[in-house]
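Protein sequences appear in the order of chains A and B. Numbers in our numbering are just positions in the first sequence, counted from 1, shifted up by 398. Numbers in our numbering are just positions in the second sequence, counted from 1, shifted up by 867. Note that the Cβ used here is the ideal one computed from N, Cα and C, for glycine as well. Please read the structure below before turning to the comments.
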Amino acid sequence: MGSYWSLPLIVLAVILQSSVIPQIRIFGGEPDLLFLMLLSWSINGRIEQNVTWAFVGGITQDLLSAAPAGTSVVGLVLIVFGIDQLKQQVYRIGFMLVLGLVIAGTVLQKVVVMLIAGFSGFTVAPIQNFTYVILPTIAYNLVFIGPVYWLVRRIQPRNQRAM
Amino acid sequence: MNRGSGFSRGWRSNRMAFLIVCLLIAGGVIAASRTGLLAPVEDLLATPLNAVSGVFHRLALTVNDNLTRFSDVQTLQNRIGELETALALYQSELVELREINSDYQRLTDLLNYTTTVTNQETITANVIAVDQNSALRTITIDRGTRDGIAISMPVVTKQGLVGRVIRVSANAARIMLVNETSSSISARLQSNRVEGSVRGTFSGNLEMDMIPLDSQVREGDLVITSGLGGNFPPDLVIGQVTSVSLSSDALNRVAQVHSLVDFDTLEFVLVVTNFQPVDLSVFDATTP
């Protein structure tokens, strides 16, 4: 990734996700820090970097989960490629588009994780999952995308200069 | 240099192939993880993560606890009033229970009988992480195989049943909480021994279903493990009945159960180490 900041940031996001973030859960929803950081990075980063971050972050996240390692990676990789395709279609990804990406990405990530968890033997109830997990998570992610995007934008140019 | 750039451009231009390769690699990792091939690597990588996560978890709980303490003064005053009323009721019950207890002790001595609950051997463990995936209700503790923890061991607190061990590494273990939707526990009502099955719900509460229609279930009834199925020892407290309704097919009754354990702020748990779960899968095989 050529970034001095990326790995510690990923690890910090994952650790906060498993320790601090559960304290502010509403129903089963909580801000998904890794997803938000990856989304923010992908908007301006190169696809190779973004995919690497999706793999490293996703697997790190799964190490602190009951789901099999790699579960989070699938959704994150799809989001990275989706944003890459979008960047080729539009001149600039503006704020409203970022909010749209947060909503679509949250749904995609949670549905993919839910499907893989279902195949791994966990009980999956799509409607309840949507109400208790996905909707509150979308609300949280919409609130948190602002500060996370701001933070990533401050770090990202430094990384690219460091390369 | 030029060749490298050309290769890079070609590779990047064929994004569909790149995506498929990435998904295949991710699928391979998932398959390897599910079959346990990656278990040693996962345990190795998770060890430092668990350690740091444990420090942050304790820190977050401490901050949360202090914030709640300051903001809940009014709530606490109301609660004190309720508790004083409850205390008066319980004091009268206590006298009665002491009488029953003394009878019980005498009978126990006579029969040289001790319950499995009093014979529990436990190990205290710190909760160091909560599941990343908020749809899965599991926690991680800082005890593993080195401390004698094994898969399927029940996990409790003084407030009642917490869950059971579903995965163990050398120095950590993952616990599936009783309110996880995949969790199902054979249970009974303490008052009238009515059997049922306690499951987790998506709202994070517990539900006891399969209760016969003709059985008496009242709010406040204590729900305990029955020991049927061999997965949990009997007589562990699961929670209290808060309401009763008919099941959707109207063939059984369903009781909403409130656990006294606050699963969001667990700091310490006890792992019951001397319980051996019974493997009933041998009876699943069809007889010739």
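- The Cβ of B:A899 sits closer than 9 Å to at least one Cβ of chain A.
- By the neighbour-count definition (other C-beta atoms within 10 Å, threshold 16), B:R1055 is a buried residue.
- In the pairwise beta carbon analysis, the stretch 1120 to 1127 of chain B is classified as touching the stretch 1068 to 1075 of chain B: at least three pairs are separated by under 8 Å.
- A Cβ-Cβ separation of about 14 Å leaves B:N1119 out of contact with B:Q1083 under the 8 Å criterion.
- For B:E909, the residues of chain A that pass the 7 Å Cβ criterion are L461, A467, in the order they occur in the chain.
- Membership of B:I1042 in the beta strand (DSSP E) is indicated by the continuous run 1040 to 1044.
- DSSP, reduced to helix, strand and coil, places B:G895 within a helical segment of the structure shown.
- Shown here for B:G1011: same chain residues with a beta carbon closer than 8 Å to its own, the five before and five after excluded, namely V1035, S1036, A1037, N1038, A1039, A1040 in chain order.
- In terms of Cα proximity to B:D932, the closest of B:L1044, B:Q958, B:D1129, B:V1136 is B:D1129.
- Close to A:I481, with beta-carbon spacing below 7 Å, lies no residue of chain B; the smallest spacing is near 12 Å.
- Scanning chain B for C-beta atoms nearer than 7 Å to the C-beta of A:T521 yields T1048, S1049, reported in chain order.
- Taking one beta carbon from each stretch, the stretch 923 to 941 of chain B and the stretch 507 to 520 of chain A have fewer than 3 pairs nearer than 8 Å; the two do not touch.
- Within the model, the alpha-carbon separation for B:Q941 versus A:L499 is close to 42 Å.
- Close CB contacts of B:L950 within its chain, under the 7 Å cut and outside five residues either way in sequence, are absent.
- Following the DSSP letters along the chain, one finds B:E1047 in no beta strand (DSSP E), marked with neither H nor E.
- In this structure, A:L549 sits near A:S438, with a CB-CB distance shorter than 9 Å.
- At a cut-off of 9 Å, the C-beta of B:M1075 has no neighbouring C-beta in chain A.
- Among the residues facing chain A, B:D998 is included, as its CB has a counterpart in that chain under 9 Å away.
- When secondary structure is reduced to three states using DSSP, B:P1021 falls in the strand class.
- For A:F425, the closest of A:I536, A:A467, A:W403, A:G468 by C-alpha to C-alpha distance is A:I536.
- Contact between the stretch 891 to 904 of chain B and the stretch 458 to 471 of chain A is present: three or more C-beta pairs spanning the two stretches fall below 8 Å.
- By the rule that beta-carbons nearer than 9 Å mark a contact, A:S440 does not touch chain B.
- Among the bridge pairs identified by DSSP, A:I424 is matched with A:G427.
- Spatial neighbours of A:F542 in its own chain (CB-CB distance under 7 Å, excluding positions within 5 residues in sequence) are listed in chain order as P429, L434.
- For A:M512, the nearest beta carbon of chain B is closer than 9 Å to its own beta carbon.
- In the displayed model, A:E446 falls within a helix according to three-state DSSP.
- Residue contact check for A:A515 against chain B: a CB pair falls below 9 Å.
- In the structure shown, the three-state DSSP call for B:D1076 is strand.
- The beta carbon of B:Q1057 lies closer than 6 Å to those of L1089, I1091 in the same chain, with the five residues before and after it left out.
- The beta-carbon of B:G894 is placed less than 9 Å from the nearest beta-carbon of chain A.
- B:R1004 counts as buried, since at least 16 other C-beta atoms from the protein chains shown sit within 10 angstroms of its C-beta.
- For A:F453, the closest Cβ of chain B is nearer than 9 Å.
- Here the stretch 445 to 464 of chain A makes no contact with the stretch 488 to 498 of chain A; the two share fewer than three CB pairs at distances below 8 Å.
- With at least 16 other beta carbons inside 10 angstroms of its own, B:M1020 counts as buried.
- Ranked by Cα distance from B:I887, the first of A:N442, A:R552, A:L476 is A:L476.
- Think of a sphere of 7 Å around the beta carbon of A:A502: no beta carbon from chain B falls inside it, the nearest being about 17 Å out.
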